[in-house]
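Per this note's numbering, residue 2 is the first one in the sequence shown, and the count goes up by one each step.
Working notes for the structure below.
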Amino acid sequence: MLATLTAVLPMASDWINFDVDSLVQNFWPATFDGLTFGAIYALVALGYTLVYGVLNLINFAHSEVFIVGCYAIVFTLSIGFGFGPSIPRLGFWPIVINLVIAMLVAMVASAVTAFLLERIAYRPLRKRNAPRLVFLITAIGMSFVIQNIFFIWRGPSAEPAVIMFRPTPVFDVFGTIIDSQQIVIIVAAVLMMVVVDQFISRSKTGRGIRAVAQSPDTATLMGVNRERIIVTTFIIGGVLAGAAALFYVMKVPSGVQYNGGFILGIKAFAAAVLGGIGNVRGALVGGLLLGLIGNYGQLLLGDSQWTDVVAFVVLVLVLLVRPSGILGQTLGRSKA
2 MLATLTAVLP MASDWINFDV DSLVQNFWPA TFDGLTFGAI YALVALGYTL
52 VYGVLNLINF AHSEVFIVGC YAIVFTLSIG FGFGPSIPRL GFWPIVINLV
102 IAMLVAMVAS AVTAFLLERI AYRPLRKRNA PRLVFLITAI GMSFVIQNIF
152 FIWRGPSAEP AVIMFRPTPV FDVFGTIIDS QQIVIIVAAV LMMVVVDQFI
202 SRSKTGRGIR AVAQSPDTAT LMGVNRERII VTTFIIGGVL AGAAALFYVM
252 KVPSGVQYNG GFILGIKAFA AAVLGGIGNV RGALVGGLLL GLIGNYGQLL
302 LGDSQWTDVV AFVVLVLVLL VRPSGILGQT LGRSKA
């Protein structure tokens, strides 16, 4: 046993390296880069939060709803508009128009995928009053089905990189350059989250979503069409996943492949739980925090491979202290 420990510990010291100086020196770049990724996590996390709030269902196939949007972005930009691995030779407004069209296509593709998932996989189970475990297994199964469809169609390799524009410096914070790409992703994601939050809080459909989340039977007696609300919830989650797909491809141009949504989907789910599963604002808080924690962790431990490990360890620690998440308020109890 002593010989085994002696052999293992030196090896551990090679791949665990606490580098506080690296964290201090790169704190601000890691912060803004973490917020950028965190904004993407938050948009995807909102899909998990809405579905859980209405159905008490963890839709693990939502990561594939996201990756469908990523493929839609790549195909629209590369095949439709001729974008490729080099910076496009287009003016500002043509690029903006192309990106908006690509995002709309991705939103539609992801929304249709979410709608079909609800109709094909989950609605028959609801009609049969299937146990919650059956819903969970079905969600995981549909995730693998969509992954393998893309695997058979596109193969195991990632899609060619699609560069949308050259990030340009805008301003600096404590010597750290903040570029246009970071600003676009963070500002656009936060604005979308605010719009969804206000939609849930103030619109008639939003009140229906909160009513079904609080008490489905009572909401039905009050005239709320539960099936329509459930479909609307899935579609909203798909639309946001399509928007997140644009920002993800913008940030990681060569990151689209058949199983590319799995890790990001799990991290988005972790962000939803961290902020408070079923809480719209909690998805934003959890996503931004998870992005920061992952970046800080990889700097402190000296290896980018620790990003996911650190994020999930912190998630577990938070849940041990506060299982309901940071905000801890369900969708059904949110106030207008």
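Where a beta carbon is used, it is the ideal one built from N, C-alpha and C, also for glycine.
Please read all numbers here as calculations on a predicted model, not as lab measurements.
Can you tell me which of the options puts its alpha carbon nearest to the alpha carbon of residue i?
i	options	result
Ile-210	Val-274, Leu-291, Asn-226, Met-104	Asn-226
Arg-90	Phe-166, Asp-22, Asp-173, Arg-208	Phe-166
Phe-313	Asp-198, Phe-28, Ile-294	Ile-294
Arg-282	Arg-129, Ile-153, Asp-198, Asn-27	Asp-198
Asn-280	Gly-329, Lys-128, Phe-67	Gly-329
Ile-339	Met-193, Ala-110, Pro-168	Nothing about residue 339 can be reported from this structure: the residues present for the chain run from 2 to 337 only.
Phe-67	Thr-177, Leu-24, Asn-260	Asn-260
Arg-229	Val-174, Thr-206, Leu-289	Thr-206
Asp-309	Ala-112, Gly-92, Ile-267	Ile-267
Leu-137	Asp-218, Ile-59, Pro-30, Thr-219	Ile-59
Flag this pair as yes or no: are the beta carbons of residue i and residue j separated by less than 8 Å?
i	j	result
Tyr-49	Ala-244	no
Leu-291	Leu-265	no
Val-257	Val-106	no
Val-52	Gly-238	yes
Ser-144	Ala-269	no
Thr-37	Ile-187	yes
Leu-302	Val-21	no
Gln-182	Glu-65	no
Leu-126	Thr-114	no
Ala-214	Val-55	yes
Residue i by DSSP, collapsed to three states: which one?
i	result
Val-171	strand
Ile-179	strand
Pro-86	coil
Leu-24	helix
Arg-124	helix
Quick one: using the 10 Å Cβ neighbour count with 16 as the cut-off for buried, is residue i buried or exposed?
i	result
Pro-11	Summary for Pro-11: the model assigns pLDDT 46, below 50, so the residue's position carries little reliability; its value from the coordinates is reported in the next sentence. Exposed: under 16 other Cβ atoms inside 10 Å.
Val-195	exposed
Met-104	buried
Gly-326	buried
Pro-254	buried
Gln-306	exposed
Met-223	exposed
Cys-71	buried
Leu-318	exposed
Gln-26	exposed
Phe-19	exposed
Leu-134	exposed
Can you give me the Cβ contacts of residue i inside the same chain, cut-off strictly under 8 Å, excluding the 5 residues immediately before and after it?
i	result
Leu-247	Gly-70, Ile-74, Leu-100, Ala-103, Met-104, Ala-107
Sorted by chain position, which residues of the same chain lie with C-beta nearer than 7 Å to residue i's C-beta, five sequence neighbours on each side aside?
i	result
Ile-179	Phe-33, Val-171, Phe-172, Asp-173
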